[in-house]
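Residue numbers (this note's numbering): 117 to 278.
Note that the Cβ used here is the ideal one computed from N, Cα and C, for glycine as well.
For reference, the structure is listed below as structure tokens.
Put into structure tokens, the structure is as follows:
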């Protein structure tokens, strides 16, 4: 099938929801969890917005932590990070087993599996980190609030890595 928006049903979520499937990056379709193609969407969002998702599936967006948690809880998933610079050069990081904890644990990065790729392995250092936003600081970094400093929600353990 062609790359694009698909509707899927996942256990634990009552209604089907739409995802963007990338069929062009690798050998089989990937559900795109986050895409930043321009500055039209501000990623400095509240925790609740990261929980349920924001943006436009045809542009820049974040799918939603609850959806990603439900997806990764139903069957094994890999995490594939595709990076593309303004000059067109690309790099990737692939993790063999991606799993998030639930909302009570701030969607902690529970599993990643084995790393392969030509990008820096930034995610392995984040294993065990809870998701942080400017209004919900879970980064365990003393005297700094990484999500506020860097202007986006993420799994932070150090404000200069990942």
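Annotation: residue 217 to residue 226 spans about 6 Å, alpha carbon to alpha carbon. For residue 134, there is no enclosing alpha helix (DSSP H); the residue is found in the beta strand (DSSP E) stretching over 133-138.
The residues 132, 133, 135, in chain order, have a CB closer than 7 Å to that of residue 124 in the same chain once the five nearest residues on each side in sequence are set aside. Under the DSSP assignment, residue 163 falls in the alpha helix (DSSP H) whose first and last residues are 163-168.
According to DSSP, residue pairing for residue 232 in a beta bridge involves 210. Sequence-distant Cβ neighbours of residue 185 in its own chain, meaning closer than 8 Å and more than five residues away, are 216, 217, 218, 219, 223. One alpha carbon belongs to residue 170, the other to residue 145, and they sit about 22 Å apart. The C-beta separation of residue 199 from residue 235 comes to about 6 Å, placing the pair in contact by the 8 Å criterion.
Closest option to residue 237, judged by alpha-carbon separation, among 196, 166, 160: 196.
Burial is judged here by how many other beta carbons sit within 10 angstroms of a residue's own beta carbon; residue 207 has fewer than 16 and is exposed.
Per DSSP, reduced to three states, the secondary structure at residue 252 is strand. When 230, 247, 248 are compared, the shortest CA-CA separation from residue 240 is found for 230. Proximity to residue 128 across 193, 249, 261, 182 peaks at 182, based on C-alpha coordinates. Taken through DSSP and simplified to helix, strand or coil, residue 276 comes out as coil. Here residue 172 is exposed: its Cβ has fewer than 16 other Cβ atoms, across all protein chains shown, within 10 Å.
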